[in-house]
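Chains as they are written, first to last, in the working numbering: chain E, 0 to 129; chain D, 57 to 445; chain Z, 206 to 328; chain C, 329 to 570.
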Amino acid sequence: MSERENKPNTSNWFMWFDVRHRDIGDWAFVLHRLTALGLVLYLGMHLIVLGTLTLGPDAFNSFIDLAHNPLFIFGELLVVAAALYHGLNGLRVGLTSFGVAIPYQKQLWYVVMAIAVIGSIIFAISMFTA
Amino acid sequence: MSKPHVIVIGAGFTGVATAHDLALRGFEVTVVERGPIVNGTSGRTHGLLHCGGRYCVKDQESAIECIDENWILRKIVPQVIEPNGGMFVALDDNDVEYGESWTAGCDACNIPYERLTPKEALEIEPNLNPDLLLAYSVPDGTFDPLRLALAFAATAKSNGAIFRLYTDVTELLMDGQGTVTGVKIWDRSADERGELFADVVVSATGAWSGQIAEMAGAYVPIQPTPGVMVAYDRRLVSNVINRLCKPSDGDIVVPQRRMVVVGTTSYDVEDLDYVPVNEEHVQLMLERGSELLPTLRNTNSRGIFVATRPLIGAGIPGRSVARTFKCFDHKENDGIDGFVTITGGKATTLRMMAEKTTDMVCQKLGVSVECRTAEVPLLSYRQFYALQN
Amino acid sequence: MNNSISPPKSGQNTWLWLLKMVTGLLIVLVLSVHLIVNHYLPEGGLMRYEDVIAYFSNPLVVLMEIVFLVTVVPHALIGVRSIILDLNPSKGSTRLINWILALVGATAIIYGIWLALTVASLA
Amino acid sequence: MSTSKWDVTFLVYRKKGQGTPHYDEFTIKVNPDEYVLDAIERIWAYQDRSLVFAHACHHSTCGACGMRVNGVEKLTCITLIRDVTADGGKVKVDPLRNFPIISDLTVDMGVLYTRMDEVGHRPVLPLSEEPAEPGVKPVKIAAEGDIIRLADCIECGLCISACPIANTTSGYLGPAVLAGALQHGLDSDQHLFSLVEGENGVWRCHSAFECTEVCPSYVEPAGKIMELRKQVIWKRIFGIAK
């Protein structure tokens, strides 16, 4: 195949997240990717923080005290919401990838969103009232 | 000795086929087209690969051209053809009566046909009007308009032809002694102007050939005749369906992918560059089309479009003009050398039109090479884009 | 015919994708347990140092945490790889990225297992 | 059907040679039941002869006139003006994404066409392989075998333009091409299997379903990509695609 001098007018990576004019499948994809990046970041931090366990009680407990800050709890809530969405939408992607329910991918996404939102609210209540 | 250079104006069916023939016969070819491939009339055809049956009563010359070229195209470019066949269907006594002269015409033009009883016809095409009286099967077909032209253009390109798309011819260059020596061009994609020189300029601009000829002070008796076509969103038939009657409005149904296209009408027009849809004709297509296929009324129209046929002969109303083509050497009529016009004809006869045009170019330049386009299979139409100029 | 696209080695892309699907499914299951066990069984949600140490004295918990670790790390890194691939890296950088991600993954898993076993041994 | 005319302003993407891209505004009178392509053709005919746009069949069989209308990929020849704006409204027309721009609204679809050839997509095929009405058994002409029809895919490039992955990855074969590869199935040809499974094949799809969303010609590429995935996995595990 001859390489064309003329470059395709593709966009930069941040255009992935531009959902203007796009449809539900694309929103699902964008959210999936955003939550993936967030969760990877969290996973790294989670592992590092747990490392303080080996430094003795003071190191770990001072971190746990910090974690009672409402802002921190809000951050944790975001992680839970992201994980919920990513997991549920992952099931949707998995199902459709094996040919199941492809014509209903939009409806499936509504179900995913409904469960993710309700789940997040339940978590929020239990986290902030704990 | 360098090869003679021929400029072809227009990348419609005739233009690309002529470019192919010229390139195959060893000419250097440049095609100048103001739009994309099949920008004008050619793109907007219903895609009927004629067997000639439509013309075999009144215009046997065209009918013979059609059936001959039909067989050739099936052979050299099967990649763009639905070769399923067609039917001529009689719905009333007038049609049946017309059938007698029609079969005689088919015999005279060597068009194979087979008589079908209504039952047989309905078995093949269950959506036909069940009240049909009789039908004849014929070797009609459907082609994809863009891809038919691309296949010719791709093959021409592989033999060295250069395509200048989105490039207007703004003027014909003359040497002051009545010879066309080239064209002034305006490449709109880069917004650049320039000149191209050639030994012969061929105008393959169909309905626009009168305008191009005028640039040289020459005359072409052309009668641009638009017709309305409507594409419906269900493929109701596998074969082309023709009404068994004198050619008139809305008497052809052409299947294509998941659609059927019903055509066509005929009216007069002033400005060729934008022809508005005649709304009454759209309604007429549905009425006439649903006489052949009653279920057409349960479909939605998907696209409504107009194509302007280049009919030869000024001042004669559309339908009665012969559908054959004509090649003009403007030296004979207008005293202008180096300039040839090919116009008229139909998509089905594109290859033959190209052959005659190239013969004329050869004769003008004193070259003698045989035409081989009837034997040479065309490249994949996709190669048009893959090949670089 | 086309040299710009090289044939895949031994189905690498297919197996990676399947692995992402399988680990994804496992994570959904294990994470539910992980979340509930870690944060909702103990009173007051977050555990203090002493609670964690006591909790890790149960070998089943250690096993569960390790299973979680070895599913989530490959899943995450395969995902990161596919995002990076979408950024149109050259052939050479793709190979480099594969190595880096494999290294990061191995490190994370070894570190995680060491951490789990160390915490378990503190009890 | 004939209603009163609308005044519609078309914001048209313009680019010439190495010049800077910009938008030009054209306000014209339209019949709301005309197609967007009709308006563009009229802008060329009566307002700006330098406008470059591709089109051919005007009834959705050729795939030449794909553009982005208000950001969404459309075959402009079958997109009613009524469906994309209102009287006094605006319509923004851009060229397709993810292809090199030739000029204004025209893009170079060479890569798509070349790849379609590479996966051996047949432009005509027996009706039994692509039934015109899904679920309806095609009629057969005795002794003549199958009816041959033009394939569904018209290579318009809308799916490539809508695909978020093609948006950053020019190497990705793209929805139309992968869907085209399914025509033969993966058991036929090792090269085809390599393409489909390779770096730029089915595993690059991230299920955004935009291709199916914009496809004007019943191809539903996303579903075909998923089917291909199944075949790839089957072939890897059991050695045979189906």
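C-beta atoms are modelled at their ideal positions from N, C-alpha and C, and glycine is treated no differently.
Taking the DSSP output, what are the residues bridged to residue i?
i, result
"residue 249 of chain D", "D:242"
"residue 61 of chain D", "D:84"
"residue 287 of chain D", "D:317 and D:359"
"residue 180 of chain D", "In DSSP, residue 180 of chain D forms no bridge with anything."
"residue 308 of chain D", "D:298 and D:319"
"residue 350 of chain C", "C:342"
"residue 383 of chain D", "D:398"
"residue 270 of chain D", "The partner list for residue 270 of chain D (beta bridge, DSSP) is empty, contrary to what the question assumes."
Give the DSSP-derived three-state secondary structure of residue i in the structure shown.
i, result
"residue 357 of chain C", "strand"
"residue 470 of chain C", "Note that residue 470 of chain C has pLDDT 44, beneath the 50 cutoff, so the model's placement of it is unreliable and no number is given."
"residue 107 of chain E", "helix"
"residue 142 of chain D", "strand"
"residue 135 of chain D", "helix"
"residue 98 of chain E", "coil"
"residue 426 of chain C", "coil"
"residue 444 of chain D", "coil"
"residue 260 of chain D", "coil"
"residue 519 of chain C", "helix"
"residue 433 of chain C", "coil"
"residue 16 of chain E", "helix"
"residue 537 of chain C", "coil"
"residue 551 of chain C", "helix"
"residue 298 of chain D", "strand"
"residue 392 of chain C", "coil"
"residue 338 of chain C", "strand"
"residue 408 of chain C", "strand"
"residue 172 of chain D", "strand"
"residue 213 of chain D", "helix"
"residue 265 of chain D", "helix"
"residue 397 of chain C", "strand"
"residue 102 of chain D", "coil"
"residue 385 of chain C", "coil"
"residue 197 of chain D", "strand"
"residue 458 of chain C", "coil"
Contact check, residue i vs residue j under 8 Å by CB: the rounded distance?
i, j, result
"residue 271 of chain Z", "residue 318 of chain Z", "6 Å"
"residue 129 of chain D", "residue 428 of chain D", "The Cβ separation is near 15 Å, so there is no contact."
"residue 86 of chain D", "residue 410 of chain D", "Their Cβ separation, rounded to whole angstroms, is 16 Å, which puts residue 86 of chain D and residue 410 of chain D out of contact at 8 Å."
"residue 41 of chain E", "residue 78 of chain E", "5 Å"
"residue 59 of chain E", "residue 52 of chain E", "5 Å"
"residue 478 of chain C", "residue 313 of chain D", "5 Å"
"residue 444 of chain C", "residue 101 of chain E", "The pair is not a contact, with the Cβ atoms about 23 Å apart (cut-off 8 Å)."
"residue 562 of chain C", "residue 219 of chain Z", "Between residue 219 of chain Z and residue 562 of chain C the Cβ distance is about 10 Å, and since that is not below 8 Å, they are no contact."
"residue 359 of chain C", "residue 14 of chain E", "That pair is no contact at about 35 Å."
Within its chain, find whatever has a CB closer than 8 Å to the CB of residue i; leave out the 5 residues flanking it on each side and keep chain order.
i, result
"residue 293 of chain D", "181, 183, 184, 309, 311, 316 and 349"
"residue 471 of chain C", "Unreliable positioning characterises residue 471 of chain C in this predicted model, as indicated by a pLDDT of 45, which lies under 50. A coordinate reading is not provided."
"residue 480 of chain C", "458, 545, 546 and 547"
"residue 155 of chain D", "144, 146, 190, 192 and 300"
"residue 427 of chain C", "435, 436, 437, 439, 440, 485, 488 and 489"
"residue 178 of chain D", "184, 186 and 188"
"residue 85 of chain E", "31, 34, 35 and 38"
"residue 107 of chain E", "91, 94, 95 and 100"
"residue 150 of chain D", "301"
Given residue i, which residues of its chain have a CB within under 7 Å of its CB, disregarding the five upstream and five downstream residues?
i, result
"residue 310 of chain Z", "278, 279 and 282"
"residue 82 of chain D", "59 and 425"
"residue 20 of chain E", "none"
"residue 564 of chain C", "none"
Given residue i, which residues of its chain have a CB within under 6 Å of its CB, disregarding the five upstream and five downstream residues?
i, result
"residue 521 of chain C", "514"
"residue 441 of chain D", "none"
| query | Touch check for the region 216-224 of chain D and the region 78-95 of chain D: three-plus C-beta pairs under 8 Å? | reply | With the cut-off at 8 Å, the region 216-224 of chain D and the region 78-95 of chain D touch.
| query | Does the region 279-291 of chain D come close enough to the region 307-315 of chain D to have 3 or more Cβ pairs within less than 8 Å? | reply | Yes, the region 279-291 of chain D is in contact with the region 307-315 of chain D.
| query | Can we say the region 404-419 of chain C touches the region 498-511 of chain C, given the rule of at least three CB pairs closer than 8 Å? | reply | Result no; under three Cβ-Cβ pairs closer than 8 Å.
| Should the region 196-216 of chain D be regarded as contacting the region 387-404 of chain C, the criterion being three or more beta carbon pairs within less than 8 Å? | Here the region 196-216 of chain D lies against the region 387-404 of chain C, with 3 or more beta-carbon pairs under 8 Å apart.
| Within the chosen definition, does the region 100-118 of chain E reach the region 60-67 of chain D through at least 3 CB pairs nearer than 8 Å? | Counting C-beta pairs closer than 8 Å gives fewer than three between the region 100-118 of chain E and the region 60-67 of chain D, which falls short of the contact rule.
| query | Does the count of Cβ pairs from the region 434-442 of chain C and the region 343-362 of chain C closer than 8 Å reach three? | reply | The region 434-442 of chain C, when compared against the region 343-362 of chain C, does not touch it at the 8 Å Cβ threshold.
| task | Taking 8 Å as the threshold, find out whether the region 165-174 of chain D comes into contact with the region 329-342 of chain D through three or more Cβ pairs. | result | The answer is no - the region 329-342 of chain D does not touch the region 165-174 of chain D, with fewer than three Cβ pairs under 8 Å.
| Inter-stretch contact at 8 Å, needing at least 3 Cβ pairs: the region 395-414 of chain D / the region 259-275 of chain D | Flag = yes, the region 395-414 of chain D and the region 259-275 of chain D touch.
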